[in-house]
Amino acid sequence: MSTPEFAIQARGLTKRFGNLIAVNEVDLDVPSGQIYGFLGPNGCGKSTTIRMLCGLLTPSAGTATVLGLDTRKEAEALKQKIGYMTQKFSLFEDMTVKENLEFVSTIYTLSGKDRRARVAELLTEFNLADRSKQYAGTLSGGQKQRLALAAATLHRPSILFLDEPTSAVDPQNRRDFWETLFELAEQGTTILVSTHYMDEAARCHSLAILDQGCKVADGSPKTLGENIDSQVIEVTADDPNLARASLCKEAQITSITQLGVRLRVLLPKQVTGGEDLVRQNLQQANISAEVEAVFPDLEDVFVSVTELRRAALKKEAA
Amino acid sequence: MKTLLRIFAVMRKEFLQLSRDRLTFGMIVGIPLIQLLMFGYAINTDVRNLGSAYVDEADTHLSRQFIADLTATQVVDLRHRAASLQELESLLDAGQVSIGIYLPDDFDRRVLSPDRQAAQLLVDGTDPIILGVAQQLTATPVAFDAQPRVQNRNLIEVRNYYNPERRSAVNIVPGLVGVILTMTMVLFTAVAIVRERERGNLEFLINTPVKTPELMLGKIFPYILIGLLQLVIILALGRYFFEVPIRGEYLHILLASLLFIATNLALGLLLSTMATTQFQSMQMTFFILLPSILLSGFMFPFDGMPPLAQAIAEVLPLTHFNRLIRGIILRGADIMSMWDELVALAVFMLIALTLAIARFNKRLD
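These protein sequence lines are chains A and B, in that order.
Per our numbering, the first sequence runs over residues 18 to 335.
Per our numbering, the second sequence runs over residues 267 to 631.
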């Protein structure tokens with residue numbers, strides 16, 4: 018069977034809960050075998066979108082096909098082919114690590130021989146062998162997360178949905194976790210992962226930025242930086258607070274973010290000589306600072322697309 | 267084949283979790299024990315030894331004989347002999363006695379006179395059961411030895427079938443089988459799915475290929491065994507501790523109980539699809555349990571209830587099971603002679619299970 022170009026496709030995907038529009042007309046094209054990220058703040062519709070793609074929630078409007086299957090009508094057929102790791106640990110805390118994996122292997126009806134082999138294989142692979150008799154409820158955050166990923170990949174799904182998988186783990190575990198994700202992607206698994214960490218989003222092959230239920234940008238981390246409607250000026254000042262106060266008066270500036278002694282200043286792209294504008298502003302206020310135009314990173318992209326959109330919405334409302 | 271494997275997976279999981287849930291396990295054994303001892307000993311509808319006092323103003327041979335006769339019934343426990351009617355009333359007011367017996371000084375003459383009452387019973391009427399007992403006491407015969415007793419003879423003779431010693435345990439133990447099974451079976455399953463929803467397990471489960479009927483059956487099965495375990499506990503205690511005669515076939519008891527257990531489990535599953543928290547599902551369980559205890563014929567005879575209560579009772583599984591189990595255990599009835607009760611239970615179970623499966627959605631919305 019030839020792999021189709023896109024593992025997940027969605028058109029106009031919408032979910033309303035009463036008056037609240039949780040997901041608003043989202044279009045998605047997730048290429049097969051890639052790690053695709055959903056970046057956005059809490060409540061932006063990441064989880065709801067993932068649940069719709071898994072067939073756990075029925076879309077209010079729009080369509081989604083996952084592995085060529087319609088999530089509205091063929092959700093049950095889809096279940097055998099996808100793995101889903103929930104945001105909250107959803108395995109059984111009063112069962113041991115091994116019992117949990119054995120349960121999962123039986124519920125996915127792996128053959129008897131394969132079942133035992135696969136459980137043993139995963140215990141080693143996810144570094145859980147010495148914990149196999151421990152109750153899942155007593156595991157640490159990182160161990161729970163490894164167990165959850167092992168359970169989600171046990172039946173060798175073609176697509177993995179991971180809903181904020183690293184929200185409760187330390188940096189070292191996060192690094193190891195991402196190593197595992199890349200290995201899985203290497204083997205051909207498509208991975209859709211939601212996160213609110215910029216560094217994680219930057220590791221994805223491509224990503225979509227969600228804000229208030231809308232997809233505000235998508236592409237690879239690099240193209241996203243190239244395509245934003247903002248220019249980024251970095252200001253290094255001895256007294257960043259003073260510099261900030263002075264720059265705030267500048268009407269053209271859309272956003273200022275402080276990083277230690279540095280300020281990242283965002284201006285719309287069409288403003289010419291943005292670097293000079295900032296420099297003059299600071300000179301007039303007698304503040305000594307280094308000013309330099311830089312290439313936007315993912316955080317700049319995120320701030321830019323969300324701020325610009327919110328500003329536009331405000332203008333519309335006024 | 268895959269279906270069986272998935273049912274087996276759910277079943278095994280339930281057993282594992284159950285074996286680690288000490289509270290539930292304690293309830294499985296504890297509830298039958300406590301209820302049986304409570305109802306078997308404390309709650310006794312054959313009233314004996316009611317605290318009583320008497321005033322014997324006559325103090326004749328006949329009046330003393332009458333008091334002795336009353337004492338011999340064991341219904342009253344004559345704790346005080348009061349000096350006057352006033353003292354008797356104050357004892358009653360103080361709640362020290364429930365029945366006061368007043369024999370006036372012309373007791374002998376009154377006994378001889380056909381149209382005058384010889385004695386008075388002062389009764390604490392706030393408890394209808396005591397009042398009923400007092401009514402029975404009025405039938406105590408009193409006469410001079412020479413006097414013919416013919417006029418006191420009852421016209422209708424009562425023959426007590428199945429429970430000649432009039433022990434309430436005989437009636438209560440079989441009834442308790444149903445009450446305890448309703449209480450525990452509905453509660454356990456009502457909580458079963460809600461608990462997984464609360465803990466977040468359900469979001470994982472519904473994303474696996476397990477089908478709704480597979481999940482439901484896998485969850486029910488372990489509890490059927492628990493229900494049978496409780497049945498054995500109750501029957502063994504009833505048989506050897508309270509000496510309740512088991513006149514029917516054990517196989518028939520088993521069949522009727524299996525059907526009843528399944529009905530309650532289906533009902534519990536239905537409740538669990540409606541509740542969102544464990545607390546809610548417990549509230550709903552009580553909504554079923556209370557009418558079951560009061561209306562099913564466990565506490566009060568079915569035939570004595572008003573038509574509306576009877577109509578409600580007919581839609582409670584416990585009513586039908588009580589008829590079955592009392593019939594089999596106490597009267598030695600054949601299960602097939604009560605086939606209509608079996609059909610009622612089966613219909614109830616099928617409706618509850620179908621609704622539960624239909625209501626349970628493998629989606630979150």
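For each residue, glycine too, the CB sits at the ideal point set by N, CA and C.
Item to check | Partner residues on chain A for residue 631 of chain B, Cβ-Cβ distance less than 7 Å | outcome: Simply 74, 75.
Next on the checklist: Let me see if you follow: with CB-CB separation under 9 Å, is residue 485 of chain B close to chain A or not?
Outcome noted: Contact with chain A is absent for residue 485 of chain B, since none of that chain's Cβ atoms lies less than 9 Å from the residue's Cβ.
Item to check | Closest residue to residue 578 of chain B among B:594, B:555, B:596, B:595 (Cα-Cα distance) | outcome: That would be B:555, whose Cα lies nearest to the Cα of residue 578 of chain B.
Item to check | Close beta carbons around residue 372 of chain B, own chain, < 8 Å, minus the five adjacent residues each side | outcome: Close CB contacts of residue 372 of chain B within its chain, under the 8 Å cut and outside five residues either way in sequence, are with 324 (chain order).
Next on the checklist: Comparing C-alpha positions only, which one of B:442, B:489, B:318 sits nearest to residue 452 of chain B?
Outcome noted: Of the candidates B:442, B:489, B:318, the one whose C-alpha sits nearest the C-alpha of residue 452 of chain B is B:489.
Checklist entry - Smallest Cα separation from residue 175 of chain A: which of A:100, A:132, A:216? => result In terms of CA proximity to residue 175 of chain A, A:100 leads the group A:100, A:132, A:216.
Item to check | Buried versus exposed call for residue 339 of chain B [16 or more other C-beta atoms within 10 Å across all chains shown] | outcome: Per the 10 Å Cβ criterion, exposed.
Checklist entry - Counting contacts by CB-CB distance shorter than 9 Å, is residue 345 of chain B in contact with chain A? => result It does not: the Cβ of residue 345 of chain B has no partner Cβ on chain A nearer than 9 Å.
Checklist entry - Using Cβ-Cβ distances below 9 Å, what residues of the stretch 457-473 of chain B are close to chain A? => result Of all residues in the stretch 457-473 of chain B, 462, 465, 466, 467, 468, 469, 470, 471, 472, 473 have a Cβ within less than 9 Å of some Cβ in chain A.
Checklist entry - Is the Cβ-Cβ distance between residue 342 of chain B and residue 358 of chain B less than 9 Å? => result The criterion of a C-beta distance shorter than 9 Å is not satisfied by residue 342 of chain B and residue 358 of chain B.
Checklist entry - When you compare each of B:602, B:563, B:494, B:575 to residue 588 of chain B by their alpha carbons, which one comes out closest? => result Nearest option by C-alpha distance: B:563.
Next on the checklist: Taking the straight line between their C-alpha atoms, what separation do you get for residue 147 of chain A and residue 164 of chain A?
Outcome noted: Here the C-alpha atom of residue 147 of chain A lies approximately 13 Å from the C-alpha atom of residue 164 of chain A.
Checklist entry - Beta-carbon of residue 407 of chain A versus every beta-carbon of chain B: anything under 9 Å? => result This structure gives no information on residue 407 of chain A, because the portion of chain A shown stretches from 18 to 335.
Next on the checklist: I need the boundaries of the alpha helix (DSSP H) containing residue 589 of chain B, first residue and last residue.
Outcome noted: Looking at the DSSP string, the run of the alpha helix (DSSP H) that includes residue 589 of chain B is 583-597.
Checklist entry - For residue 495 of chain B, which of B:629, B:507, B:527 has the nearest alpha-carbon? => result Minimum Cα-Cα distance from residue 495 of chain B among the listed residues B:629, B:507, B:527 corresponds to B:527.
Item to check | Integer Cβ distance of residue 504 of chain B from residue 439 of chain B, believed to fall under 8 Å | outcome: Sure, about 4 Å apart at Cβ, within 8 Å.
Item to check | Every unbroken alpha helix (DSSP H) within the stretch 509-592 of chain B, with a cutoff of 4 residues, ordered by chain | outcome: If we require 4 residues or more, the alpha helix (DSSP H) runs fully inside the stretch 509-592 of chain B come out as 516-540, 544-561, 573-580.
Checklist entry - Using DSSP with H/G/I as helix, E/B as strand and the rest coil, what is residue 309 of chain A? => result Three-state DSSP puts residue 309 of chain A in a strand.
Checklist entry - Using a beta-carbon distance below 9 Å, is residue 271 of chain B in contact with chain A? => result At least one chain A Cβ lies under 9 Å of residue 271 of chain B.
Item to check | Contacting positions in the stretch 270-298 of chain B - beta carbon closer than 9 Å to chain A | outcome: The stretch 270-298 of chain B vs chain A, Cβ under 9 Å: 271, 272, 274, 275, 276, 278, 279, 282, 283, 286, 287.
Checklist entry - So which residues of chain A does residue 479 of chain B contact, with C-beta pairs closer than 8 Å? => result Within 8 Å Cβ-Cβ: nothing; residue 479 of chain B doesn't reach chain A, min ~13 Å.
Item to check | Short Cβ contact (9 Å threshold) for residue 172 of chain A with residue 122 of chain A | outcome: Taking the C-beta atoms as reference points, residue 122 of chain A is found nearer than 9 Å to residue 172 of chain A.
Item to check | residue 245 of chain A, DSSP secondary structure in three states | outcome: In the structure shown, residue 245 of chain A sits in coil (DSSP, three-state: anything other than H, G, I, E or B).
Next on the checklist: Excluding the 5 residues flanking residue 65 of chain A on each side, which residues of the same chain have their C-beta closer than 6 Å to its C-beta?
Outcome noted: Result list for residue 65 of chain A: 32, 39, 40, in chain order.
Checklist entry - Three or more beta-carbon pairs under 8 Å between the stretch 308-328 of chain A and the stretch 240-250 of chain A, yes or no? => result At 8 Å Cβ cutoff, the stretches touch.
Item to check | Three-way DSSP call (helix, strand, coil) for residue 507 of chain B in this model | outcome: Note: residue 507 of chain B maps to coil in three-state DSSP.
Item to check | Below-9 Å beta-carbon distance, residue 208 of chain A vs any chain B residue | outcome: It does not; no Cβ of chain B falls within 9 Å.
Next on the checklist: With three or more C-beta pairs closer than 8 Å as the rule, is the stretch 596-614 of chain B touching the stretch 497-517 of chain B?
Outcome noted: Touching, yes.
Checklist entry - For residue 182 of chain A, which three-state DSSP category applies? => result Three-state result, residue 182 of chain A: coil.
Next on the checklist: Give me, in chain order, the residues of the same chain whose beta-carbon lies closer than 6 Å to that of residue 321 of chain A; leave out the 5 immediate sequence neighbours on both sides.
Outcome noted: For residue 321 of chain A, the CB contacts under 6 Å within the same chain, skipping 5 residues up- and downstream, are 245, 247, 283 in chain order.
Next on the checklist: Once DSSP output is grouped into helix, strand and coil, what is the label at residue 355 of chain A?
Outcome noted: Nothing can be reported for residue 355 of chain A, as the shown portion of chain A is limited to 18 through 335.
Checklist entry - Mind pulling the chain A residues with CB within less than 9 Å of residue 488 of chain B? => result Within 9 Å Cβ-Cβ: nothing; residue 488 of chain B doesn't reach chain A, min ~14 Å.
Next on the checklist: Below 8 Å, how does it come out for the stretch 47-56 of chain A and the stretch 212-221 of chain A: are there three or more Cβ pairs, yes or no?
Outcome noted: Yes, since at least three Cβ pairs between the stretch 47-56 of chain A and the stretch 212-221 of chain A fall closer than 8 Å, the two stretches touch.
Next on the checklist: Using 8 Å as the cut-off, can you tell me whether the stretch 272-280 of chain B makes contact with the stretch 477-491 of chain B, which would need three or more C-beta pairs spanning the two stretches below that distance?
Outcome noted: Contact holds between the stretch 272-280 of chain B and the stretch 477-491 of chain B, because three or more Cβ pairs, one in each stretch, are under 8 Å apart.
Checklist entry - Which residues in chain B sit within 8 Å of residue 68 of chain A, going by Cβ to Cβ distance? => result Within chain B, the residues placing a beta-carbon under 8 Å from that of residue 68 of chain A are 630, ordered along the chain.
Checklist entry - Between the stretch 108-124 of chain A and chain B, which residues of the former have CB atoms less than 8 Å from a CB of the latter, in chain order? => result Closer than 8 Å at the C-beta level to chain B, one finds these residues of the stretch 108-124 of chain A: 108, 109, 110, 111, 112, 116, 120, 121, 123, 124.
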